[in-house]
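What follows is the structure, given as structure tokens:
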């Protein structure tokens with residue numbers, strides 16, 4: 003199984019032109035003044051982790067701490083041309099992130115180490131192969147039995163906890179009342195794991211020599227080889243891209 007799985011769930015964010023923020027020099031004020039009180043901001047955004055909500059607190063002139071909740075759930079049918087299987091794919095992303103935003107120049111530009119906690123992020127695949135249809139597993143052709151059709155299933159799961167770093171523009175807890183935060187970066191810490199399984203009865207392309215896919219040793223050897231191929235394809239996601247665009251409000 004190749005990059006069809008990955009391309010079917012590609013998430014995209016549209017880049018925006020961000021306006022620089024001017025740093026205003028201020029005279030020292032007493033601790034009770036509005037400028038010395040911590041500022042708080044929230045943002046809603048779309049990213050490669052799904053839809054999200056940020057909440058940020060300014061703890062220093064150049065430092066914010068930020069928490070994020072992300073979620074995404076969608077279903078999509080697609081054809082895997084390598085195996086000749088039509089899958090029902092379901093993507094479920096739920097994650098939390100803790101981030102420290104450092105604004106080295108006092109403007110909207112920031113560098114931010116982050117830590118992402120995934121709550122069961124995964125892609126699941128399922129398919130019922132119609133009787134008489136042929137599929138390919140590890141370059142071997144099988145025909146689905148009429149008495150017990152082939153059922154295919156797959157799953158891609160992501161590591162539960164991963165660090166990362168992003169750069170971006172926009173300070174939702176300082177500066178303008180309304181901002182358009184934009185970020186890009188990477189989260190790393192291990193490749194996702196892919197699994198494949200097949201049940202039902204598979205026959206030769208002429209309908210002869212039918213075997214149980216779940217127990218036949220030869221078929222299982224081909225399934226494991228296809229699983230290795232899947233994991234080789236998705237290992238690039240050990241470096242998961244971060245791209246986000248949103249709108250923020252300072253309070």
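Residue numbers (our numbering): 3 to 253. All C-beta atoms, glycine included, are put in the ideal place defined by N, C-alpha and C.
Reference residue i; option with closest CA among the options
i, options, result
"residue 155", "228, 50, 60, 76", "228"
"residue 222", "138, 232, 210, 199", "199"
"residue 99", "70, 112, 139, 51", "70"
"residue 126", "148, 134, 157", "157"
"residue 207", "104, 141, 171", "141"
"residue 78", "211, 90, 203", "90"
"residue 73", "116, 122, 83, 107", "122"
"residue 128", "49, 80, 182, 105", "80"
"residue 119", "160, 171, 87", "160"
"residue 238", "251, 210, 195, 226", "195"
"residue 146", "94, 114, 87, 175", "87"
"residue 252", "236, 49, 183, 165", "183"
"residue 60", "113, 214, 174", "174"
"residue 85", "224, 236, 247, 219", "224"
"residue 108", "181, 213, 246, 176", "176"
Cα-Cα separation between residue i and residue j, rounded to whole angstroms
i, j, result
"residue 197", "residue 153", "14 Å"
"residue 179", "residue 168", "23 Å"
"residue 37", "residue 57", "Its pLDDT being 45, under 50, residue 37 is placed unreliably by the model, and the measurement read from it follows with that caveat. Their backbone Cα atoms lie some 19 Å apart in a straight line."
"residue 138", "residue 144", "6 Å"
"residue 1", "residue 124", "An answer regarding residue 1 cannot be provided, because it is not within the stretch 3 to 253 covered by the chain."
"residue 151", "residue 217", "15 Å"
"residue 231", "residue 136", "20 Å"
"residue 234", "residue 116", "27 Å"
"residue 249", "residue 163", "27 Å"
"residue 64", "residue 83", "51 Å"
"residue 42", "residue 202", "57 Å"
"residue 53", "residue 96", "10 Å"
"residue 62", "residue 101", "14 Å"
"residue 92", "residue 130", "15 Å"
"residue 104", "residue 110", "10 Å"
"residue 185", "residue 170", "4 Å"
"residue 26", "residue 236", "Reliability fails at residue 26, whose pLDDT of 36 lies under 50, so the model's placement of it is uncertain and the value that follows must be treated cautiously. Going by the C-alpha atoms only, they are around 47 Å apart."
Where residue i sits in the DSSP three-state scheme
i, result
"residue 36", "Only weak support exists for where residue 36 lies, its pLDDT of 40 falling under 50; the coordinates are left without a value."
"residue 145", "strand"
"residue 50", "coil"
"residue 56", "strand"
"residue 69", "strand"
"residue 25", "Residue placement at residue 25 is poorly supported in this model, since its pLDDT is 33, which falls under 50; the coordinates are not used for a value here."
"residue 202", "coil"
"residue 42", "strand"
"residue 63", "coil"
"residue 30", "For residue 30, the predicted structure reports a pLDDT of 39, less than 50, and the residue's modelled location is therefore unreliable. A value from the coordinates is still provided. Reduced to three states, the DSSP call for residue 30 is coil."
Proximity test, residue i beta-carbon vs the ligand ZN heavy atom, cut-off 8 Å
i, result
"residue 202", "This structure does not include the ligand ZN; it has no bound ligands of any sort."
Chain C within 9 Å of residue i, Cβ atoms only
i, result
"residue 77", "This model lacks chain C altogether; it includes just one protein chain."
(message) Does the structure place the stretch 184-192 close enough to the stretch 233-248 that three or more beta carbon pairs sit under 8 Å?
(response) With a cut-off of 8 Å, the stretch 184-192 and the stretch 233-248 count as touching, because enough Cβ pairs lie within range.
(message) Quick check for students: name the residue ranges of the beta strand (DSSP E) that lie wholly in the stretch 74-133, counting only runs of 3 or more.
(response) If we require 3 residues or more, the beta strand (DSSP E) runs fully inside the stretch 74-133 come out as 87-104, 111-120, 124-130.
(request) Quick one: which unbroken beta strand (DSSP E) runs of 3-plus residues sit fully inside the stretch 211-250? Chain order, please. (result) You should have found no qualifying run.
(request) With a floor of 3 residues, list each beta strand (DSSP E) that falls wholly inside the stretch 140-198, ordered by position along the chain. (result) Listed in chain order, the complete beta strand (DSSP E) runs (minimum 3 residues) inside the stretch 140-198 are 142-146, 153-159, 163-171, 184-189.
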